[in-house]
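Below is one structure; the comments refer to it alone.
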Amino acid sequence: MNDYLNKIISSACGRILPKRARRRTRLQTTHFRIASPRLPQEFNGLRIAHLSDLHNKKYGEGDILLYKRIVFERPDIVVMTGDMISHGCENREDFIKMVNMLCRRFPVYYVNGNHEYSDMGKELFDKTAKELSNAGAICLDNSSVTLKKGNAQIKICGLSYPARFYRGVRQYKQNWSAFALEDMLRYCGEKGEDYTILLAHNPLDFDVHAEWGADLSFGGHIHGGLIRLPIVKGIISPERRLFPKYKEGVYKKGVSRLVVSRGLGRIRFFNPPELVIAELHKSR
Numbered sequence: 005m006n007d008y009l010n011k012i013i014s015s016a017c018g019r020i021l022p023k024r025a026r027r028r029t030r031l032q033t034t035h036f037r038i039a040s041p042r043l044p045q046e047f048n049g050l051r052i053a054h055l056s057d058l059h060n061k062k063y064g065e066g067d068i069l070l071y072k073r074i075v076f077e078r079p080d081i082v083v084m085t086g087d088m089i090s091h092g093c094e095n096r097e098d099f100i101k102m103v104n105m106l107c108r109r110f111p112v113y114y115v116n117g118n119h120e121y122s123d124m125g126k127e128l129f130d131k132t133a134k135e136l137s138n139a140g141a142i143c144l145d146n147s148s149v150t151l152k153k154g155n156a157q158i159k160i161c162g163l164s165y166p167a168r169f170y171r172g173v174r175q176y177k178q179n180w181s182a183f184a185l186e187d188m189l190r191y192c193g194e195k196g197e198d199y200t201i202l203l204a205h206n207p208l209d210f211d212v213h214a215e216w217g218a219d220l221s222f223g224g225h226i227h228g229g230l231i232r233l234p235i236v237k238g239i240i241s242p243e244r245r246l247f248p249k250y251k252e253g254v255y256k257k258g259v260s261r262l263v264v265s266r267g268l269g270r271i272r273f274f275n276p277p278e279l280v281i282a283e284l285h286k287s288r
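Each residue of the sequence shown is one higher than the one before, starting from 5 at the first, in my numbering.
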């Protein structure tokens with residue numbers, strides 16, 4: 005159904021919209037410079053490629069076009085923040101193939117989003133997790149890894165939680181609970197003293213991430229607000245809420261920073277899919 009709807013939209017856009025507007029449906033690369041006095045000098049200039057919300061979209065055979073775009077940017081690491089596979093799980097093999105290619109060149113870290121859990125049965129979920137692990141990708145669902153350079157280190161942590169913390173449609177409407185600091189501590193433990201990068205699919209919990217002490221969070225989920233308009237930009241979230249608080253770009257809360265990807269998936273209006281490149285810098 006999603007493929008069918010996407011073809012109708014694409015065809016309509018091709019006939020109705022001028023060339024300049026159609027360009028807004030093409031993959032864009034967005035660069036952000038993130039500065040922090042807490043970043044160890046040894047990690048100054050760390051380049052991070054951020055992928056989110058692919059939702060089965062295919063960028064050529066084996067997602068080769070997306071892979072080439074990432075390689076061109078020469079990141080030090082690649083992070084993925086969920087919903088790369090969803091609904092009917094079509095093109096799953098293309099995504100797995102791209103991850104295999106990426107892992108041959110870069111460290112790859114990911115967390116699962118709400119769709120991986122809701123749209124894949126246990127057998128397919130376990131199979132996919134095994135294939136990603138065999139490729140060399142590291143799943144950080146409520147776990148962390150430490151990156152070291154010389155005598156310095158930073159931490160990458162991943163947050164993954166159940167459907168009851170998602171405000172939205174389908175099963176997410178039932179027994180909804182607001183995500184709180186006590187939940188963050190239960191899933192990820194104490195933050196610690198290291199500069200910490202948090203991978204968390206849902207950016208709407210950024211206030212909690214900041215309270216926990218995340219130095220830099222990466223998220224997606226909001227799809228850039230689905231429909232983007234001048235000035236106000238994205239106007240609706242997947243939870244059917246108007247004007248979501250965190251929808252694209254970089255946000256600040258105290259010393260914490262949040263980077264939100266518009267996502268890579270389909271069904272978008274004046275809202276180009278996005279590959280994010282974040283470069284970290286040491287500041288005074």
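For each residue, glycine too, the CB sits at the ideal point set by N, CA and C.
Could you tell me which residues DSSP pairs with residue i in its beta bridges?
i      : result
Met105 : The partner list for Met105 (beta bridge, DSSP) is empty, contrary to what the question assumes.
Thr33  : Leu279
Ala1   : Past the boundaries of the shown model lies residue 1; the chain is included only from 5 to 288, so the question cannot be answered.
Val212 : The partner list for Val212 (beta bridge, DSSP) is empty, contrary to what the question assumes.
Relative to the C-alpha of residue i, which residue among the options is closest?
i      : options                        : result
Phe169 : His205, Leu151, Met88          : His205
Gln32  : Gly49, Gly117, Gln45, His54    : His54
Val259 : Ala184, Gly154, Ala218         : Ala218
Ala282 : Ile226, Ser137, Ser221         : Ser221
Asp123 : Glu135, His59, Asp98           : His59
Tyr71  : Arg288, Leu279, Ser287, Lys286 : Leu279
Asp166 : Glu127, Lys195, Glu120         : The identity of residue 166 in the sequence shown is Pro, whereas the question assumes Asp. Residue Glu120 is the option with its Cα nearest to Pro166.
Ser287 : Asn155, Ser40, Asn138, Lys251  : Ser40
Asn155 : Arg270, Glu46, Gly269          : Glu46
Is residue i helix, strand or coil by DSSP?
i      : result
His119 : helix
Val83  : strand
Val75  : helix
Arg288 : coil
Gly217 : coil
Lys290 : As displayed, the chain neither begins before 5 nor continues past 288, which places residue 290 out of reach and without an answer.
Lys131 : helix
Cys192 : helix
Ile89  : coil
Arg168 : helix
Val259 : coil
Arg26  : The predicted model places Arg26 with a pLDDT of 44, which falls under 50 and marks its position as unreliable; any figure quoted below should be read in that light. Helix, per DSSP.
Phe99  : helix
Gly154 : coil
Ala53  : strand
Taking 7 Å as the cut-off, is the CB of residue i close to at least one heavy atom of the ligand SAH?
i      : result
Gly196 : As for the ligand SAH, it is missing from this structure, which has no ligand bound.
Taking the straight line between their C-alpha atoms, what separation do you get for residue i and residue j?
i      : j      : result
Ala25  : Lys249 : Note that Ala25 scores a pLDDT of 44, beneath 50, so its modelled location is shaky; the value from the coordinates is reported in the next line. For Ala25 and Lys249, the distance between alpha carbons rounds to 26 Å.
Val263 : Tyr255 : 7 Å
Leu50  : Pro276 : 26 Å
Asp67  : Lys61  : 9 Å
Ser90  : Val103 : 16 Å
Asn48  : Arg37  : 11 Å
Thr150 : Phe210 : 22 Å
Asp145 : His227 : 21 Å
Lys257 : His213 : 10 Å
Glu135 : Tyr191 : 25 Å
Arg266 : His225 : 8 Å
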